[in-house]
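Scroll down for the structure; my scribbles are underneath it.
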Amino acid sequence: MYLTIEDALTIYPLSEGKLTAGRSGLNRIVKSVNVMDAPDISDWVREGDILFTTAYLIKDNPADGVRLLQKLVDKGAAGIGIKLGRFWASVPDEMLQEADRLGFPLIELPFPFTFSDQMKGLFNAELQKNTLLLQNVLDKQKELIRFALSPVDTGRLFDRIREILGVPLAVTGMRGQTLFSTLTTDEMQLLKKRQLKDTPQWLRCEQGRLLCVPLKSPGQEHDFNSRAIFRLPPGIPMKEEEGLYHQAAEIIGYHLNAVERNDLTQSTQNEFAAMLKNYLKQQVSAEELVACASSHGIPFGTGSFQCVLTTCDPEYTGRADHLLKSVKQEFHYHPMLKDLSPLHFQLEDTILSIFPSELPRSSGKLPQLLTRVFFELASKAGRHLRMTVSHIKTRPDQLEAAYRECQNARDTAARLNLDAFVVEFANVEISYIFQSVPVHKMRQFVEMALAPLQDRAPDSAQELLRTLELYMANNGQIHETAKQLFIHRNTAAYRLEKISELLQVDFKDYHHLLRLKLVLMFRDMLRT
């Protein structure tokens, strides 16, 4: 990283000089030193130059000095040092005022030292600083290599890289979701507002600069919206230092993709994955599966569990693989899921997950937790993505039953055309059981039960039926029913009284409620 004017003023013998104007430009970067020995020197000045002069060429006309300052600023120079005592006793006020206005540092150089003394001091200081910086970069690079070659705890992946680099870090996933961040909220908002490129990109922020590096995946230039973002202090980093952050991004990208490569079911050579598939085909026993899990240190068969089956519609043109990859990324890295120690296995175009039945109190029930975590993804995918949840099982030999429950819940939800992204088998179990009832009997039962409502005017009948459906779906909660209908609670209560009167049902009677549940369920099944 280059010196600033403020840094340069601390280096002997330039430290013997005096900053007389342009203090607001102390953070200007010094890349090189130039000496003024020609009238057209401003044509040869490069960005980052600090210009040393005796003021010989401008000694008779301070206005030339003012114009020189303006040209140097236009060129992006770092500052100017004037050696007094030979041609000027002091810098003209016009130049001082212009330097202050431009924020361009103007330094009175110490008379006893030659330009070469000061250039040598700056060169040695820059060399020493760069040497230390390169050594620091090398040390960090060694740490990154050791880390990359060692077994990685995915839960500590991002934290460990941040510790090695010593800078704030953020990592975004395939959909731009935040997987990890030690950046400020304002900085994360800045990233969301900017149109990020598919190539490394710099963004200015209040505390420095953000380096955004797309994370590469095998076979493609970058992994959709996956990025590593590093906040660097103000200034221009050396190429070697910048390369360190690109190296860290490659390691992050590799390990994100290693989730898929190293997933148990991704390897046909993995004994447990093969054993699981054979178990679900009823070719091996549960005892053999548990023994295999134990030999591989896989936490299965030691407690109660719940199964979740994630299904992606294969007709989701060109996006099915991407969708499943996004789900797996969330399973492994989402802070609300990664500490639950679930197991995930890809079975063709589905993911079978085994969660412990006892979750932290803050997580709530598993279906609600999954709904919160995957809400955004499910909203974008629509009905192309569905998760189904089994009953809680207490024995390992019930794994197949749990898997079948998830499959049955998925098929029943599709048949009933349900909108819910997460479907519990418990909520569609009755529909599954009654699916063998002949269609003509279902229709006869529904028409007979709902005739008093359907005989009313179409608008009124539709209004009452919708109220009844929501009331039953909300387990008899009038307040929630009214809320979803956008009506007052008293209006909902009035409609329910009317329904009770027309259908001759008592909403407090269990048998009447069961009959209504079957009527509405059959009605939904007949729609498909």
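Take 126 as the starting number for the sequence shown in our numbering and just add one per residue.
C-beta: ideal position from N, C-alpha, C; glycine also.
Local conformation of residue i per DSSP, three classes
i: residue 474; result: coil
i: residue 334; result: strand
i: residue 518; result: strand
i: residue 439; result: coil
i: residue 208; result: strand
i: residue 481; result: strand
i: residue 618; result: helix
i: residue 230; result: coil
i: residue 353; result: strand
i: residue 281; result: helix
i: residue 306; result: strand
i: residue 326; result: strand
i: residue 194; result: helix
i: residue 187; result: helix
i: residue 371; result: helix
i: residue 613; result: coil
i: residue 641; result: helix
i: residue 651; result: helix
i: residue 468; result: strand
i: residue 128; result: strand
i: residue 343; result: Since pLDDT at residue 343 reaches only 49, below the 50 mark, its modelled position is unreliable, and the value read off the structure follows with that caveat. It is coil, neither helix nor strand.
i: residue 629; result: coil
i: residue 321; result: coil
i: residue 202; result: coil
i: residue 171; result: coil
i: residue 661; result: Any answer about residue 661 is impossible in this case: the structure gives the chain only from 126 up to 653.
i: residue 222; result: helix
Burial state of residue i, where buried means 16 or more other Cβ atoms lie within 10 Å
i: residue 563; result: exposed
i: residue 639; result: exposed
i: residue 371; result: exposed
i: residue 533; result: buried
i: residue 243; result: buried
i: residue 169; result: exposed
i: residue 454; result: buried
i: residue 231; result: buried
i: residue 475; result: buried
i: residue 549; result: buried
i: residue 386; result: In this predicted model, residue 386 has a pLDDT of only 47, less than 50, meaning its place in the structure is not dependable; the value taken from the coordinates is given anyway. The residue in question, residue 386, is exposed, as its Cβ has fewer than 16 Cβ neighbours within 10 Å.
i: residue 213; result: buried
i: residue 507; result: exposed
i: residue 208; result: buried
i: residue 319; result: exposed
i: residue 521; result: buried
i: residue 469; result: buried
i: residue 558; result: exposed
i: residue 181; result: exposed
i: residue 679; result: Absent from the model: residue 679. The displayed extent of the chain is 126 to 653, so no value can be given.
i: residue 473; result: exposed
First through last residue of the alpha helix (DSSP H) which encompasses residue i
i: residue 592; result: 583-598
i: residue 241; result: 240-274
i: residue 574; result: 564-579
i: residue 656; result: There is no way to answer for residue 656, as the model of the chain reaches only from 126 to 653.
i: residue 399; result: 396-405
i: residue 604; result: 603-610
Cβ-heavy atom distance, residue i to the ligand GTP, below 7 Å
i: residue 412; result: For the structure depicted, the ligand GTP is absent and the ligand set is empty, with no information on it obtainable.
Where the beta strand (DSSP E) containing residue i begins and where it ends
i: residue 176; result: 174-178
i: residue 462; result: Unbroken run through residue 462: none, as it is neither H nor E.
i: residue 294; result: 294-297
Residue-chain proximity (residue i, chain B), Cβ-Cβ < 8 Å
i: residue 161; result: This model lacks chain B altogether; it includes just one protein chain.
Exercise. Can at least three beta-carbon pairs, one atom from the region 540-558 and one from the region 593-604, be found at a separation below 8 Å?
Worked result: With the rule of 3 Cβ pairs closer than 8 Å, the region 540-558 does not count as touching the region 593-604.
Exercise. If we count Cβ pairs, one from each stretch, closer than 8 Å, do we get three or more for the region 425-432 versus the region 481-496?
Worked result: At 8 Å Cβ cutoff, the stretches touch.
For this session: For the region 133-163, list the alpha helix (DSSP H) runs that are entirely contained and at least 4 residues long, ordered along the chain.
Result: You should have found no qualifying run.
Exercise. If you pair each beta-carbon of the region 132-140 with each one of the region 234-248, do three or more pairs fall below 8 Å?
Worked result: Look at the beta carbons and you see the region 132-140 touching the region 234-248: at least three pairs across the two are nearer than 8 Å.
For this session: For the region 415-460, list the beta strand (DSSP E) runs that are entirely contained and at least 3 residues long, ordered along the chain.
Result: Contiguous beta strand (DSSP E) elements confined to the region 415-460 occur at 430-437, taking only those with 3 or more residues.
Exercise. Can you list the alpha helix (DSSP H) stretches of 4 or more residues lying completely in the region 483-561, in chain order?
Worked result: If we require 4 residues or more, the alpha helix (DSSP H) runs fully inside the region 483-561 come out as 491-498, 500-506, 524-540 and 550-558.
For this session: Would you be able to state if there are at least three C-beta pairs under 8 Å between the region 614-633 and the region 511-521?
Result: Of all C-beta pairs linking the region 511-521 to the region 614-633, fewer than three are shorter than 8 Å, placing the two stretches out of contact.
Problem set entry | Segment contact, 8 Å Cβ cut-off, at least three pairs: the region 462-480 with the region 501-508 | No: fewer than three Cβ pairs fall under 8 Å.
For this session: Decide if the region 173-180 is in contact with the region 154-161; the criterion is three or more beta carbon pairs, one per stretch, under 8 Å apart.
Result: Taking a cut-off of 8 Å on C-beta distances, the region 173-180 touches the region 154-161, as three or more cross pairs fall below it.
Exercise. Are the region 215-229 and the region 183-190 touching by the rule of at least three beta carbon pairs closer than 8 Å?
Worked result: The region 215-229 vs the region 183-190: in contact.
For this session: Examine the Cβ distances between the region 330-343 and the region 264-275 and report whether three or more of them are shorter than 8 Å.
Result: Contact fails: fewer than three Cβ-Cβ distances are below 8 Å.
For this session: Determine, using beta-carbon pairs with one atom in the region 507-514 and one in the region 431-451, whether at least three such pairs fall under 8 Å.
Result: Touching, yes, given that three or more Cβ pairs across the two stretches are closer than 8 Å.
Exercise. Are there three or more Cβ pairs, one per stretch, closer than 8 Å when the region 524-531 is compared with the region 437-452?
Worked result: As far as the Cβ criterion goes, the region 524-531 does not touch the region 437-452, which means the pair count is below three.
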